[in-house]
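Enquirer: Before we start, here is the structure in question, set down as structure tokens.
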Amino acid sequence: MLRYIKWIVFVSILIGLIWFIRETDMNAMSVSLQKIGWGGFGLILLSTFLAYLLATIGWRCCLPKTHYSIIQLFMIRHIGEVVTLINPTSIVGGEATKWTLMNDEQVNKKEVAVSIMVSRIILIYTQLICFGIVFIYLLLSNVTFPVIITKSVGILYGIIFLAICMLCAVYKRKKSDLTATDPGKKGWLHKYILQLQTVIIASFSFLKTHPKAVLWSSIAGLLHWVVGALEIYWTLNYLGLPCTIPQAIFIDLGVVFFKTAGASIPGQIGIEELGNKVMLEMIGIKGAEVWITLSMVRRARQICWICLAVLGYACIQPLLRKPNSISHGSIIRQS
2 MLRYIKWIVF
12 VSILIGLIWF
22 IRETDMNAMS
32 VSLQKIGWGG
42 FGLILLSTFL
52 AYLLATIGWR
62 CCLPKTHYSI
72 IQLFMIRHIG
82 EVVTLINPTS
92 IVGGEATKWT
102 LMNDEQVNKK
112 EVAVSIMVSR
122 IILIYTQLIC
132 FGIVFIYLLL
142 SNVTFPVIIT
152 KSVGILYGII
162 FLAICMLCAV
172 YKRKKSDLTA
182 TDPGKKGWLH
192 KYILQLQTVI
202 IASFSFLKTH
212 PKAVLWSSIA
222 GLLHWVVGAL
232 EIYWTLNYLG
242 LPCTIPQAIF
252 IDLGVVFFKT
262 AGASIPGQIG
272 IEELGNKVML
282 EMIGIKGAEV
292 WITLSMVRRA
302 RQICWICLAV
312 LGYACIQPLL
322 RKPNSISHGS
332 IIRQS
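Those letters in the sequence shown? Residues 2 to 336, by this note's numbering.
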């Protein structure tokens with residue numbers, strides 16, 4: 002059964018790549034790449050590689066000792082993120098893909114699921130922290146935002162604050178209170194709900210009992226967002242438009258919010274372009290040529306990484322069957 006699932010993942014990535022290319026204006030992309038040059042595009046690929054690597058390191062901090070190398074984890078994570086991008090199930094399909102690729106007899110399935118969930122939680126809150134810091138910095142730098150944007154951001158962070166308070170209330174509950182309920186009920190739906198509930202409880206336990214791992218993963222997460230924003234920084238500067246790194250981070254993380262809202266649309270075709278346009282205008286960079294060029298450059302980068310995921314998926318299968326000599330104890334059991 003697992004073999005069929007892996008083939009389904011591979012075919013879905015391949016179909017997504019074909020559809021992705023088909024929906025892209027290759028002539029406009031070629032013109033956009035000529036504007037920044039191959040050297041500039043190389044810097045963009047390098048910055049995104051480093052950002053992906055930092056996210057992988059953050060995930061590794063949440064994993065028990067494992068026989069998987071950082072290269073294997075990088076490819077597993079990258080394949081999962083590509084599935085997230087091109088699959089209508091979005092993050093659910095992407096995270097499930099990571100779990101499936103690591104679903105062998107040498108790993109603890111629950112620990113893998115917990116590491117995936119915890120690393121995702123850390124990426125989300127580091128994104129919010131990073132965006133909040135940059136937004137305040139730009140306000141103090143006399144950047145003028147529309148009133149509705151300022152109010153919306155304030156409301157968003159107010160809701161987040163309330164959510165954090167609720168999570169803290171759960172976090173402080175006794176460990177004996179944090180147990181899955183109604184284990185005696187039957188049915189496949191209840192079975193999966195119970196499994197999800199167990200993973201969520203274990204994730205809270207990990208966050209509470211492994212502060213050092215969470216700290217290092219958070220540092221990697223913050224660096225992931227900063228380095229990833231260099232893509233926009235390089236693109237705009239190669240186009241002759243002055244852009245600071247805080248502005249690039251603001252644009253990049255703002256676009257992520259747009260992509261999250263349109264997560265069910267495969268490839269976020271049209272959503273990312275809209276996000277680029279809106280976020281550029283918010284820092285005073287207007288003109289169709291600019292956001293179209295930025296969108297085409299980012300689309301070219303995505304196609305390159307999707308191609309790598311297709312090749313990596315074919316190559317990583319034999320690698321996953323050759324564990325190295327690293328021990329794989331459990332940091333969860335050591336708590």
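Note that the Cβ used here is the ideal one computed from N, Cα and C, for glycine as well. Quick caveat: nothing in here was measured; it's all calculated off a predicted structure.
Could you have a look at threonine 85 and say whether DSSP puts it in helix, strand or coil?
Expert: Here threonine 85 sits in helix by DSSP.
Enquirer: From this set, Val32, Val144, Gln196, which residue's C-alpha is nearest isoleucine 286's C-alpha?
Expert: Nearest of Val32, Val144, Gln196 to isoleucine 286, Cα basis: Val144.
Enquirer: Would you list, in sequence order, the uninterrupted beta strand (DSSP E) runs of no fewer than 3 residues that lie entirely inside the segment 219-301?
Expert: Counting whole runs of 3 or more residues, the segment 219-301 contains no beta strand (DSSP E) stretch at all.
Enquirer: When the distance is taken between beta carbons, is tyrosine 234 closer than 9 Å to isoleucine 37?
Expert: Contact flag unset, no.
Enquirer: Can you list, in chain order, the residues of its chain whose CB lies under 6 Å from that of glycine 94, leaving out five sequence neighbours each side?
Expert: Once the five neighbours on either side are set aside, the close Cβ partners of glycine 94 are Val84, Asn88.
Enquirer: Below 6 Å CB to CB, which residues in the same chain sit around histidine 225 once its five sequence neighbours on both sides are set aside?
Expert: Answer for histidine 225: Ala52, Leu55, Ala56, listed in chain order.
Enquirer: Would you kindly check if the distance between the Cβ of isoleucine 250 and the Cβ of alanine 262 is under 9 Å?
Expert: Not closer than 9 Å, so no.
Enquirer: Have a look at glutamine 35 and threonine 236 and give me their C-alpha separation to the nearest angstrom.
Expert: Cα-Cα distance, rounded: 12 Å.
Enquirer: Whose C-beta lies closer than 6 Å to the C-beta of isoleucine 19 among residues of the same chain, with five residues either side of it excluded?
Expert: Here the set comprises nothing.
Enquirer: Would you say the beta carbon of isoleucine 284 comes nearer than 8 Å to a heavy atom of the ligand GDP?
Expert: Inclusion of the ligand GDP in the displayed structure is not the case, the ligand content being empty and no account of it being possible.
Enquirer: Where phenylalanine 146 and glycine 133 are concerned, what is the direct C-alpha to C-alpha distance, given to the nearest angstrom?
Expert: Approximately 14 Å, taken between the alpha carbons.
Enquirer: DSSP three-state label for serine 177, please.
Expert: Caution is warranted here: a pLDDT of 47 is assigned to serine 177, below 50, making its placement in the model unreliable, and the coordinate value is therefore given only provisionally. Serine 177 falls in the helix class under three-state DSSP.
Enquirer: Counting C-beta neighbours from all protein chains within 10 Å, is the total for asparagine 277 16 or more, i.e. buried, or is it exposed?
Expert: By the neighbour-count rule (16 or more Cβ atoms within 10 Å), asparagine 277 is buried.
Enquirer: Give me the residue from Pro247, Leu281, Ser204 with the minimum Cα distance to serine 142.
Expert: Checked all of Pro247, Leu281, Ser204; the closest Cα to serine 142 is Pro247.
Enquirer: Does alanine 114 pass the burial test, meaning 16 or more other C-beta atoms within 10 Å, or should it be called exposed?
Expert: Result: buried.
Enquirer: Tell me whether the beta-carbon of serine 218 lies closer than 9 Å to the beta-carbon of serine 70.
Expert: No, the Cβ-Cβ distance between serine 218 and serine 70 is not below 9 Å.
Enquirer: Does the beta-carbon distance from isoleucine 45 to glutamate 282 come in below 9 Å?
Expert: No; because the gap between Cβ atoms is not below 9 Å, this pair is not in contact.
Enquirer: Cα-Cα, which of Ile125, Met30, Val311, Met167 is closest to phenylalanine 258?
Expert: Minimum Cα distance to phenylalanine 258 is reached at Ile125.
Enquirer: How would you call glycine 255, buried or exposed, if buried means at least 16 neighbouring beta carbons within 10 angstroms?
Expert: Burial call: buried.
Enquirer: Taking C-alpha atoms, which residue in Leu129, Thr127, Leu74 lies nearest to leucine 102?
Expert: Comparing Cα positions, the closest option is Leu74.
Enquirer: Is it true that the CB of arginine 300 sits closer than 9 Å to the CB of methionine 118?
Expert: Taking 9 Å as the Cβ cut-off, methionine 118 and arginine 300 do not qualify as a contacting pair.
Enquirer: Quick check on alanine 221: buried or exposed, where buried means 16 or more other Cβ atoms within 10 Å of its Cβ?
Expert: Result: buried.
Enquirer: Taking C-alpha atoms, which residue in Thr294, Ile202, Leu86 lies nearest to serine 116?
Expert: The option with the nearest alpha carbon to serine 116 is Ile202.
Enquirer: CB-CB under 8 Å to lysine 260, same chain, minus the five flanking residues each way: which ones, in chain order?
Expert: The residues are Gln269, Ile272, Glu273, Gly276.
Enquirer: Decide if alanine 164 is buried, meaning its Cβ has at least 16 other Cβ atoms within 10 Å, or exposed.
Expert: Counting Cβ neighbours within 10 Å, alanine 164 comes out exposed, since fewer than 16 surround it.
Enquirer: First and last residue of the alpha helix (DSSP H) that includes serine 33?
Expert: 27-62 is the extent of the alpha helix (DSSP H) around serine 33.
Enquirer: Using the Cβ count rule (16 or more neighbours within 10 Å means buried), how would you classify phenylalanine 162?
Expert: So phenylalanine 162 counts as exposed.
Enquirer: Just to confirm my understanding: we take arginine 302, look at its own chain, exclude 5 residues before and 5 after, and list those with CB closer than 8 Å. What are they?
Expert: Answer for arginine 302: Phe42, Ile45, Leu46, Thr49, Glu232, listed in chain order.
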